[in-house]
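Using our numbering, the first residue of the sequence shown is number 1175, and each one after it goes up by one.
Yeah, the Cβ is synthetic: ideal placement off N, Cα and C, and Gly gets one too.
Following: one structure in structure tokens, then a few remarks.
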Amino acid sequence: TYEQAGVDTEGNTPGSYKEPGVGWMTAFLFVVSFVGLLALVPLRKIMIIDYKLTYPSGTATAVLINGFHTPRGDKMARKQVRGFTKYFTLSFLWGFFQWFYSGGNACGFSQFPTFGLKAWKQTFFFDFSPTYVGAGMICSHLVNLSLLLGAVLSWGVMWPLIKELKGDWYSGTLPESSMRSLQGYKVFISIALILGDGLYNFVKILALTARSMHLKSRQKGAKTVATDERDRAPLDDLLRDETFMRESIPVWVAYMGYALFAVGSVVGIPYMFPEVRWYYVVIAYLLAPALGFCNAYGAGLTDMNMAYNYGKVSLFVLAAMAGRDSGVVAGLVGCGLIKSVVSISADLMHDFKTGHLTLTSPRSMLVAQAAGTAMGCVVAPLTFFLFYKAFDVGNPDGAFKAPYALIYRNMAIL
């Protein structure tokens, strides 16, 4: 990624990278991931019971789980398992069949010139991948149509037109992969669109969050006489609230755990990344609970996890604080740190909502989330290295392009 960004690119300082390693990657995930589990635990009652945030994904999961524990739900569950097994088998056999006709990166069904060779050169072809078919089925029409529009505008119109201006808009002697060549237009136009949309959604969610919190505070502050209808809450809701509060998590556990993991990060992260000063980490962890609350509240209203946008903001802030020589590494590390804390906090609130609706102990949900987080901290680096060693990850012409690696690095360079 350092080379793709351009060795001679201004701001892309030599040595501003770190080679992947299972050891430091696992340690980094452990020190940053568990902080997110504890950041918003003291606020769970406010989010779930007082504000009654819906958390649509958590609610949908709870409805599905509750549906399984009925006679009709049991029958539906067996039908779903049969359907899953059938389509999993078909996908596996199709992938195995494709393997016999794969002779390289540009060979086989994955590079089939569906619309002709000229369109194939502009990456317009069908690769017969069940993975992308499944992703298209689960994504909304808005996402699918947006991706299609972006593909047609960029690879069908913009990049061919810019390529024709070679020697005028950029040097004709540079390879297309250079950031001072066609690749630079591709990356920075994409970054501008992503940042613009992210900033819009970021401001919108903050505005919705502030407005909703203001309305809630006004409703609490108003001295109105409660009617019998308001006092008479459904018995199921009262039972859920009682179960949710009876199995509460001591506040001191959350505070102590957050402090201990924060101290571990302050000590460990500068050791892994000398470019990151210890006070950068302190600033990040002082801001993380507030950002996590805003993100979790917004996710409860809209089901949109804006962790990546909060991460981008921290990327620019820490990269600017660190300066030119160490700004790239500091910005990327800060982005990963804030994104992990903010994202995991919102995910935990989704789980708490599921537990609240299914009469599950919050302690059990927290322990289960902690166990899953610990496994993820170990499995994720191993899975990455499985791909990293077996495939040419990051190659812009390969199967695993990892485009966001280059995008985030260029954000830090900016």
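Subject >> The alpha helix (DSSP H) enclosing residue 1412, as first and last residue numbers >> reply: 1409-1420
Subject >> Delimiting residues of the alpha helix (DSSP H) encompassing residue 1315 >> reply: 1315-1325
Subject >> First through last residue of the alpha helix (DSSP H) which encompasses residue 1194 >> reply: From DSSP, residue 1194 is part of no alpha helix (DSSP H); its letter is neither H nor E.
Original post:
Given 8 Å as the limit, is there contact between the segment 1470-1490 and the segment 1418-1434, that is, 3 or more CB pairs closer than that?
Top reply: Contact between the segment 1470-1490 and the segment 1418-1434 is absent, because fewer than three Cβ pairs lie under 8 Å.
Subject >> Continuous alpha helix (DSSP H) stretch holding residue 1528: start and end >> reply: 1501-1531
Subject >> Any alpha helix (DSSP H) of 4 or more consecutive residues that is wholly inside the segment 1437-1491 >> reply: 1452-1476
**OP:** Give the secondary structure of residue 1585 by DSSP, where H, G and I count as helix, E and B as strand, and everything else as coil.
**Re:** Helix, per DSSP.
Original post:
DSSP three-state call for residue 1260: helix, strand or coil?
Top reply: helix
Original post:
So, using beta-carbon positions, are residue 1298 and residue 1289 closer together than 8 Å?
Top reply: yes
Subject >> Whole-angstrom distance between residue 1423 and residue 1219, CA atom to CA atom >> reply: Roughly 11 Å between the two C-alpha positions.
Original post:
From the DSSP output, which residues share a beta bridge with residue 1340?
Top reply: 1344
Original post:
What number of angstroms, rounded off, separates the C-alpha of residue 1543 from the C-alpha of residue 1551?
Top reply: 12 Å
Original post:
Quick one: what's got a C-beta closer than 7 Å to residue 1403's C-beta in the same chain, skipping five residues either side?
Top reply: For residue 1403, the pLDDT reaches just 43, beneath the cut-off of 50, and the residue's location in the model is therefore unreliable, leaving the point undetermined.
**OP:** Would you decide whether residue 1578 is buried or exposed? Buried here means 16 or more other CB atoms lie within 10 Å of its CB.
**Re:** By the neighbour-count rule (16 or more Cβ atoms within 10 Å), residue 1578 is not buried but exposed.
**OP:** Measure the alpha-carbon distance for residue 1479 versus residue 1341 and round it to whole angstroms.
**Re:** 43 Å
Original post:
Excluding sequence positions up to five away, which residues of its chain have a Cβ less than 8 Å from the Cβ of residue 1425?
Top reply: 1215, 1216
**OP:** Run the CB neighbour count on residue 1357, radius 10 Å, all protein chains shown included, and call it buried at 16 or more, exposed below.
**Re:** buried
Original post:
Is it right to say residue 1345 is buried, meaning 16 or more other beta carbons lie within 10 angstroms of its own, or is it exposed?
Top reply: Per the 10 Å Cβ criterion, exposed.
Subject >> Close Cβ partners of residue 1447 (< 8 Å) along its chain, the five nearest in sequence each way excluded >> reply: Once the five neighbours on either side are set aside, the close Cβ partners of residue 1447 are 1192, 1503, 1504, 1507.
Subject >> the segment 1436-1443 touching the segment 1453-1469, judged by at least three CB pairs closer than 8 Å >> reply: yes
Subject >> Residues near residue 1385 by beta carbon distance below 6 Å, same chain, minus five either side >> reply: none
**OP:** For residue 1551, name the three-state secondary structure that DSSP assigns.
**Re:** helix
Subject >> Coarse secondary structure for residue 1385, derived from DSSP in three states >> reply: helix
Subject >> Where the alpha helix (DSSP H) containing residue 1223 begins and where it ends >> reply: First-last for residue 1223: undefined, no H or E at that position.
Subject >> Rounded separation between residue 1305 and residue 1580 - CA only >> reply: 23 Å
Original post:
the ligand ADP heavy atoms versus the CB of residue 1410: any closer than 7 Å?
Top reply: The model depicted lacks the ligand ADP and carries no ligand whatsoever.
**OP:** Pick out whichever of 1530, 1263, 1212 has its Cα sitting closest to the Cα of residue 1410.
**Re:** 1530
Subject >> Proximity below 8 Å, CB of residue 1486 to CB of residue 1509 >> reply: yes
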